[in-house]
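Heads up: the structure comes next, in C-alpha cells.
Residue numbers (the numbering used here): 107 to 703.
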C-alpha cells in the first residue's frame with residue numbers, strides 16, 4: 107500500500123469513547139502523516155512526532171495509544187525517509203526501554219527490528235540504540251538492591267538481547283557491524299562506579315549466543331583489554347606496603363591477603379570492579395565448559411591474552427583468567443597453554459621481551475598449577491633443559507650477560523619450577539634422568555646461576571643438594587653475596603626479574619576460584635625436609651599421574667641412594683642472612699624494575 111492511499115471503508119474504523127482506534131486506521135493515519143511532510147504539509151507529521159513523547163505519570167490510555175502508533179510505524183517503515191523524517195527517527199532512537207511499560211517495550215523493539223531489517227540505512231542506529239541499554243541509567247544503578255529494579259533490569263536486557271539476536275538472523279551483516287560499536291561503547295574505567303562490570307555481563311551474553319561464533323574473538327579481546335586496564339589502574343606498591351627492610355621473599359600469603367582485604371573493604375571501586383569482572387569471567391568460562399565449548403573458546407581467549415596481557419608488565423590478576431580456564435580442562439586447555447607459551451619462547455621471530463615474558467608465564471604456571479600432572483611438568487622441563495643444553499653447545503666466545511638474556515631466562519624458569527616440583531620429579535627415575543644435561547648447563551662458562559635471581563638459585567641449590575640431583579660445584583655457591591656482581595651488571599632495563607605472573611591472586615573473591623587448584627609455597631615439600639608419615643605433612647599430590655605412581659617404589663629407592671652423595675656446604679655471612687636468602691615466597695612482590703617486559 108502506498109503512502110497516499112486512503113481507506114474509505116467505514117467498517118474498518120472503531121470509534122471508541124476513550125480515544126482508541128483500530129490498528130488499520132492508525133496505520134493509515136501514520137502513513138498519511140509521513141506522506142504529508144514530503145508535500146510541505148507538516149501539521150499531521152508534527153502531531154505524530156509529538157505523540158511519541160513520553161510524559162511521566164501518563165495514564166494507561168496514553169501508553170495504549172503509543173503502542174498502537176509504534177505498531178503502525180513498524181508496518182510503515184518502507185514509508186519512512188531518512189531525510190524528511192529525521193525528527194521522527196530521532197524521537198524513536200531517543201526512547202529508552204528503561205522508561206517503558208513491558209507492552210510498550212515489545213512494540214518499540216518490534217519497530218527497531220523492522221527498521222533494521224527493512225533498510226541498511228537504519229541498521230547502525232538500531233544496533234547503537236540497543237547496545238546503549240547495556241549500561242542502565244543512574245536511577246537504575248542506584249536502586250539495584252531493590253527486587254523490583256532487578257526484575258526490570260532482567261526484563262529490559264532480555265528484550266535487548268532478543269532484538270539483537272533477531273536482527274542478526276534477519277541481517278547477516280549485523281554481527282560485523284555490531285562488534286565495532288561494542289568496542290566503541292565499552293565504558294572507560296570509572297572510579298565512582300563499576301558500570302564496566304554490567305557491560306561485560308552483556309558482552310558474555312552475546313558471546314554465548316550465535317553472535318559469538320562470529321564475534322567471540324573480539325569480545326574476549328574487549329574483556330581482556332578492560333581487565334588489563336583495571337589491573338594497571340591499581341597501585342600494587344601501595345597495597346603491598348613496600349618496606350625496604352623486608353627481604354624480597356619475606357612476604358607471606360597471609361600478609362598479602364590481609365592487606366588486599368583492607369583495600370577492597372575500604373570502598374575502592376577499581377578493586378571492586380576488577381574483582382567482580384574476574385568473577386563473572388570465571389563464571390562465563392565455567393558455563394562454556396559445561397556447554398562443551400571451552401576448547402573452542404580457549405583459542406579466542408589465548409589470542410586475547412597474547413595481545414593484551416602477555417607483554418603487560420606488573421599485571422597481577424587478569425592473567426588468572428587463563429589459569430582458571432586451564433584448571434577447568436587440564437588435558438586440553440592446560441596443555442595448550444603451556445605448549446603455546448613454549449612455542450613463543452622458542453620462536454626466533456618473536457621480540458626478545460615477548461619471549462622472556464612467555465617463559466616467565468610458563469615457569470610460574472608449571473610451578474603453581476595443582477592440576478598439572480608431574481609427568482607433564484617433567485616433559486616441559488626436559489624440553490627446556492635440552493634447548494638450554496643445545497644453546498650452550500652452540501655458544502660462541504661472547505659471554506656478556508646481555509647477549510644471552512633468552513638463555514638466562516630459560517635457565518631461571520627451569521630452576522624456579524624445580525623449587526616447587528623437585529621432590530616429585532626426582533622420585534621418578536625417568537624424570538630424574540631427563541634432567542642430567544642440566545648440570546652441564548649450569549656449569550657452563552655462561553654461568554647462569556650468577557645471573558638468575560639469587561633467592562631462587564639459593565633455594566634450588568639447597569634442594570638439589572638434599573635430593574642428590576647432582577654434585578654441586580663451588581662455582582654454584584653464592585659466597586657471602588646477596589646478589590652477584592653479574593646480576594648487578596645485568597640490572598639494566600631487561601634484567602632477569604622477580605616477575606612470576608602466577609603468584610598468589612590478590613583479590614579475595616577471585617582467589618576463591620583459583621585457590622583450590624593453586625600450589626602455595628606452604629604446600630610444597632622441599633627435598634631437604636625429612637619424610638613424615640603424618641598425613642597432614644604428606645607431599646602435595648596433583649591430579650593423577652599414573653607414570654609417577656607406577657615408578658614410585660623404584661623412585662624411592664633411587665632417591666635414598668642419591669641422598670648419600672657428598673656435596674659442598676653453602677657458606678653465608680651469618681645465619682640470619684642465610685635464612686633470609688633461602689626462604690622461598692608464597693607470593694612474590696611486583697618488581698620495581700623498568701616496565702620493559
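Beta carbons are placed, not taken as given, at the ideal position from N, Cα and C, and that holds for glycine.
Take residue i as the anchor and find which of the options has the nearest alpha-carbon.
i	options	result
residue 177	153, 611 and 209	209
residue 606	615, 573 and 562	562
residue 524	631, 336, 247 and 377	631
residue 309	325, 320, 482 and 295	325
residue 408	386, 438 and 443	443
residue 436	482, 451 and 470	482
residue 206	254, 258 and 267	258
residue 404	432, 389 and 397	432
residue 456	609, 416, 302 and 430	416
residue 516	470, 237 and 180	470
residue 624	634, 396, 611 and 615	611
residue 231	199, 318, 246 and 509	199
residue 464	488, 425 and 434	425
residue 239	287, 266, 397 and 496	266
residue 279	246, 289 and 317	317
residue 190	158, 179, 250 and 148	148
residue 609	532, 314 and 522	522
residue 497	143, 570 and 511	511
residue 159	143, 132 and 214	214
residue 569	445, 181, 635 and 429	635
residue 140	439, 185 and 475	185
residue 202	378, 237 and 193	237
residue 379	539, 391, 438 and 340	340
residue 490	617, 468 and 130	468
residue 574	550, 553, 542 and 187	542
Any beta carbon of chain B sitting closer than 8 angstroms to that of residue i?
i	result
residue 433	Included in the structure is just one protein chain, with no chain B present.
Helix or strand or just coil, what does DSSP make of residue i?
i	result
residue 586	Legend: pLDDT at residue 586 = 38, less than 50; position of this residue unreliable, value from coordinates given subsequently. DSSP places residue 586 in coil when its eight states are reduced to three.
residue 387	helix
residue 149	helix
residue 510	coil
residue 633	coil
residue 592	Note that residue 592 scores 42 on pLDDT, short of 50, meaning its location in the model is unreliable; the coordinates nonetheless yield the value given after this. Helix.
residue 191	coil
residue 480	helix
residue 453	coil
residue 422	coil
residue 234	helix
residue 212	helix
residue 553	coil
residue 155	helix
residue 227	helix
residue 340	coil
residue 395	helix
residue 138	helix
residue 505	coil
residue 492	helix
residue 436	helix
residue 181	coil
Using the DSSP secondary-structure output, state which residues sit across from residue i in a beta bridge.
i	result
residue 475	624
Under 7 angstroms from any heavy atom of the ligand GTP, does the C-beta of residue i make it?
i	result
residue 327	By its list of ligands, the structure shown contains no ligand whatsoever, and the ligand GTP lies outside what it can speak to.
Return the Cβ separation of residue i and residue j in integer angstroms, given the expectation that the two are a contact with Cβ distance under 8 angstroms.
i	j	result
residue 386	residue 306	6 angstroms
residue 173	residue 221	At roughly 17 angstroms, the Cβ-Cβ gap does not stay under 8 angstroms, so residue 173 and residue 221 are not in contact.
residue 375	residue 300	6 angstroms
residue 233	residue 276	About 12 angstroms; that fails the 8 angstroms criterion.
residue 555	residue 548	6 angstroms
residue 413	residue 327	6 angstroms
residue 337	residue 422	6 angstroms
residue 439	residue 397	With 8 angstroms as the limit, residue 439 and residue 397 do not qualify as a contact, their Cβ atoms being about 14 angstroms apart.
residue 707	residue 507	No answer is possible for residue 707: the residues shown for the chain start at 107 and end at 703.
residue 518	residue 487	That belief does not hold up - the Cβ atoms of residue 518 and residue 487 are roughly 13 angstroms apart, past 8 angstroms.
**Report entry** the region 438 to 457 contacting the region 498 to 506, beta-carbon criterion three pairs below 8 angstroms
**Finding:** no
Check: Quick check: the region 259 to 266 against the region 217 to 226, are there 3 or more CB pairs under 8 angstroms?
Finding: no
*asked:* Taking 8 angstroms as the cut-off, does the region 325 to 337 touch the region 265 to 273 (at least 3 CB pairs, one atom from each stretch)?
replied: no
With three or more C-beta pairs closer than 8 angstroms as the rule, is the region 130 to 142 touching the region 150 to 160?
yes
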